[in-house]
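Novice: Residue numbers (the working numbering), protein chains in the order written: chain A, 361 to 564; chain B, 361 to 564.
The structure that follows is given in the form of structure tokens.
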């Protein structure tokens, strides 16, 4: 019953195809209700063929989640690359990240649930994502220091503090609580980014 | 089978007694496994008598949690009342609050779980607790402004930003994640309080 097994470059394409099908199922019925059998039927291959590409079901969850998180980093990099004052860029970055998490919760609940699992269960893809966020932030902080906009000395430590201070507007559990409690998270984030920028402008 | 029903001032004492018994059960077997029957048997009264004091089972959970959160505010107030520089007090307050949450997670898991429920389900006692934390913080920020230590203008807004920036070290879900991932949360908090103090020292 199997389709022919791909070889060479097709291996990578087929791996991505499995993730596309998994993601499409996750979006529709959630990662917890999706079985490897569902994916196999959809792809016209056997379970065993899927397991040739992923050691376990949980590896598929993690890869789908990692792909989603990588897309966020890509648009974060695009914002960081725009020429302009560091403070403006930092505010734009944090706003875009917040809006994406909020809209994922409100419009793509199954993906939000996958990210919540990644956060609560401390998946490596989520740790890597947080490090990438710190890296993006650090690049902007360094630009601000070089331009004389920011007075902090240790850009790496400052970037960690920025990301920590931003957590109420990014952590999936806190996003969910903010939205459910009817909080005006956009106004809150604006006040928070002013506070963050103030911290960066001085040397502690 | 009932003990005599208390009247007058004894009503308040008996209400506290119910909460003591509830809390003792929660600490031992958790709030989700404790039944009103367990408490009634322990108190030598009927279920109906407990329901004369609390409209529902969930009202007992909320009152036990509220009592626990109030104790935290009491020691927070004690720290805020110590004479000394505002920055020193703010750091001491945040450290004490963080250590209490961490030790509750590590040594009193059932109470941690109760606080997690209060946070995730947005109980009124938890909203009130957060407002009290903001109030405590605002009092310290105002002292710092008066003493010329802090340069911020809006103490209420600054206090909200301080509490938001402190959330990674106080929110029960984030405390649990920090401890489980083996993070040095004390060192992280020290860096975060320096960042917070820097933000307060300038006028944004």
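Cβ atoms here follow ideal geometry from the backbone N, Cα and C, with glycine treated the same way.
Would you report the Cα separation of residue 394 (chain B) and residue 418 (chain B), rounded to the nearest angstrom?
Specialist: Cα to Cα, the separation comes out at about 11 Å.
Novice: How close, in whole Å, do the beta carbons of residue 480 (chain A) and residue 537 (chain B) come, if the pair is a contact with beta carbons under 8 Å?
Specialist: 7 Å between Cβ atoms; contact.
Novice: Any beta-carbon of chain A closer than 9 Å to the one on residue 450 (chain B)?
Specialist: By this cut-off, residue 450 (chain B) is not an interface position.
Novice: Using three-state DSSP, classify residue 536 (chain A) as helix, strand or coil.
Specialist: In the structure shown, residue 536 (chain A) sits in a helix (DSSP, three-state: H, G or I).
Novice: Just to confirm my understanding: we take residue 454 (chain A), look at its own chain, exclude 5 residues before and 5 after, and list those with CB closer than 6 Å. What are they?
Specialist: Correct list, in chain order: 526 and 553.
Novice: Quick one: Cα of residue 397 (chain B) to Cα of residue 535 (chain A), how far?
Specialist: Using only the alpha carbons, I get a separation of about 37 Å.
Novice: So, does the CB of residue 381 (chain A) fall closer than 9 Å to a CB anywhere in chain B?
Specialist: Judged by the 9 Å Cβ criterion, residue 381 (chain A) is not in contact with chain B.
Novice: Residues in its own chain within less than 8 Å of residue 428 (chain A) by CB, not counting five upstream and five downstream?
Specialist: Excluding residues within five positions, the ones whose Cβ falls inside 8 Å are 383, 471, 474 and 475.
Novice: Counting only C-beta atoms, is residue 497 (chain B) closer than 9 Å to chain A at any point?
Specialist: No, because no Cβ of chain A sits closer than 9 Å to the Cβ of residue 497 (chain B).
Novice: Can you round the beta-carbon distance between residue 489 (chain A) and residue 549 (chain A) to whole angstroms, since I take them to be within the 8 Å contact cut?
Specialist: Their Cβ separation, rounded to whole angstroms, is 19 Å, which puts residue 489 (chain A) and residue 549 (chain A) out of contact at 8 Å.
Novice: Which of helix, strand or coil does DSSP assign to residue 412 (chain B)?
Specialist: Residue 412 (chain B) falls in the coil class under three-state DSSP.
Novice: Tell me which same chain residues have a C-beta within less than 6 Å of the C-beta of residue 420 (chain B), skipping the five on either side of it?
Specialist: For residue 420 (chain B), where only same-chain residues beyond five positions count, the Cβ hits under 6 Å are 382 and 414.
Novice: Please list, in chain order, all residues of the same chain as residue 545 (chain A) whose beta carbon is under 8 Å from its beta carbon, the five residues on each side excluded.
Specialist: So the qualifying residues of the chain are 458, 462, 529, 535, 538 and 539.
Novice: How about residue 558 (chain A): is its C-beta nearer than 9 Å to some C-beta of chain B?
Specialist: It does: the Cβ of residue 558 (chain A) has a partner Cβ on chain B nearer than 9 Å.
Novice: Just verifying my parser: in three-state terms, what is the DSSP assignment at residue 394 (chain B)?
Specialist: Here residue 394 (chain B) sits in coil by DSSP.
Novice: Can you confirm whether residue 512 (chain A), when its beta carbon is compared against all beta carbons of chain B, has any partner nearer than 9 Å?
Specialist: With 9 Å as the cut-off, residue 512 (chain A) counts as an interface residue toward chain B.
Novice: Can you check whether the C-beta of residue 524 (chain B) is within less than 9 Å of a C-beta belonging to chain A?
Specialist: Taking Cβ atoms only, chain A reaches closer than 9 Å to residue 524 (chain B), which makes this a yes.
Novice: Report the neighbours of residue 550 (chain B) on chain A: residues whose CB is nearer than 7 Å to its CB, in chain order.
Specialist: Those do not exist, as residue 550 (chain B) stays about 11 Å from chain A at its closest Cβ, beyond 7 Å.
Novice: Taking 9 Å as the CB-CB limit, is residue 531 (chain B) close to chain A?
Specialist: Yes - at least one Cβ of chain A is within 9 Å of the one on residue 531 (chain B).
Novice: Figure out for me which residue from A:560, A:542 and A:423 has the closest Cα to the Cα of residue 498 (chain A).
Specialist: Closest option to residue 498 (chain A), Cα to Cα, is A:560.
Novice: Give the secondary structure of residue 486 (chain A) by DSSP, where H, G and I count as helix, E and B as strand, and everything else as coil.
Specialist: Residue 486 (chain A) falls in the helix class under three-state DSSP.
Novice: Looking at residue 484 (chain B): is its Cβ nearer than 9 Å to the Cβ of residue 501 (chain B)?
Specialist: In this structure, residue 501 (chain B) does not lie closer than 9 Å to residue 484 (chain B) by Cβ.
Novice: With a cut-off of 9 Å, does the C-beta of residue 528 (chain A) fall near any C-beta of chain D?
Specialist: Absent from the structure: chain D. Protein chains present are A and B.
Novice: Grab me the residues of residue 464 (chain A)'s own chain with a C-beta within less than 6 Å of its C-beta, minus the 5 sequence neighbours each way, in chain order.
Specialist: Cβ neighbours of residue 464 (chain A) beyond the five flanking positions: 471 and 472.
Novice: Along the chain, where does the alpha helix (DSSP H) that runs through residue 548 (chain A) open and close?
Specialist: Here the alpha helix (DSSP H) through residue 548 (chain A) covers 545–561.
Novice: Measuring alpha carbon to alpha carbon, tell me which residue in A:387, A:390, A:388 and A:410 is nearest residue 376 (chain A).
Specialist: That would be A:410, whose Cα lies nearest to the Cα of residue 376 (chain A).
Novice: Under 9 Å, CB to CB, which of the residues in the region 393–406 of chain A have a partner in chain B?
Specialist: Against chain B - using a Cβ distance shorter than 9 Å - the region 393–406 of chain A contributes no residues.
Novice: With 16 other CB atoms within 10 Å as the buried threshold, where does residue 533 (chain B) fall?
Specialist: Counting Cβ neighbours within 10 Å, residue 533 (chain B) comes out buried, since at least 16 surround it.
Novice: Is residue 541 (chain B) helix, strand or coil by DSSP?
Specialist: Here residue 541 (chain B) sits in coil by DSSP.
Novice: Got a sec? Which residues, its chain only, sit under 8 Å from residue 466 (chain A) by beta carbon, not counting five neighbours each side?
Specialist: If we look at residue 466 (chain A) and ignore the five residues flanking it on each side, its Cβ neighbours are 539.
Novice: Should residue 432 (chain A) and residue 558 (chain B) be called a contact, given that it needs their Cβ atoms to be closer than 9 Å?
Specialist: In this structure, residue 558 (chain B) does not lie closer than 9 Å to residue 432 (chain A) by Cβ.
Novice: Following a CB-centred definition, is residue 459 (chain A) positioned closer than 8 Å to any heavy atom of the ligand GTP?
Specialist: As far as ligands go, the structure on display features none, and thus does not contain the ligand GTP.
Novice: Residues of chain B with CB under 7 Å from residue 517 (chain A), in chain order?
Specialist: Those are 551, listed as they occur along chain B.
Novice: Just to confirm, is the Cβ distance from residue 422 (chain B) to residue 478 (chain B) under 9 Å?
Specialist: Yes; because the gap between Cβ atoms is below 9 Å, this pair is in contact.
Novice: What residues in its chain sit with their C-beta under 8 Å from that of residue 358 (chain A), if we drop five residues either side in the sequence?
Specialist: One cannot answer for residue 358 (chain A) here, as it falls past the ends of chain A, which runs 361 to 564.
Novice: Between residue 374 (chain B) and chain A, is the shortest Cβ-Cβ distance under 9 Å, so that the two count as touching?
Specialist: Not one chain A Cβ lies under 9 Å of residue 374 (chain B).
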